[in-house]
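Residue numbers (the numbering used here): 502 to 566. Have a look at the structure below, then the notes.
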């Protein structure tokens with residue numbers, strides 16, 4: 502199953518809103534925002550869950566966590 506890139510971005514931005522309002526650390530918020538930035542630059546319109554997980558892993562390696 503593929504997930505639309507825009508849906509993945511919206512989901513992570515919603516997570517950022519929740520993290521800011523309730524329990525998230527600055528690091529959690531920073532990582533989610535960096536992940537959305539990576540998704541914006543990705544040219545694929547749809548990604549599998551595995552592709553999203555690989556991009557998340559790349560984000561963590563690049564931006565630290």
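For every residue, glycine included, the Cβ atom is placed at its ideal position computed from N, Cα and C. Here the structure is a predicted model, which means the values were calculated and not measured.
Euclidean distance between Cα positions of residue 561 and residue 554: 11 Å
Assigned secondary structure, residue 555 (DSSP; H/G/I helix, E/B strand, else coil): helix
The region 512-519 in contact with the region 527-534 per 3-pair CB rule at 8 Å: yes
Bounding residues of the beta strand (DSSP E) (the contiguous stretch that carries residue 547): 547-549
Alpha-carbon spacing of residue 545 relative to residue 506, whole angstroms: 7 Å
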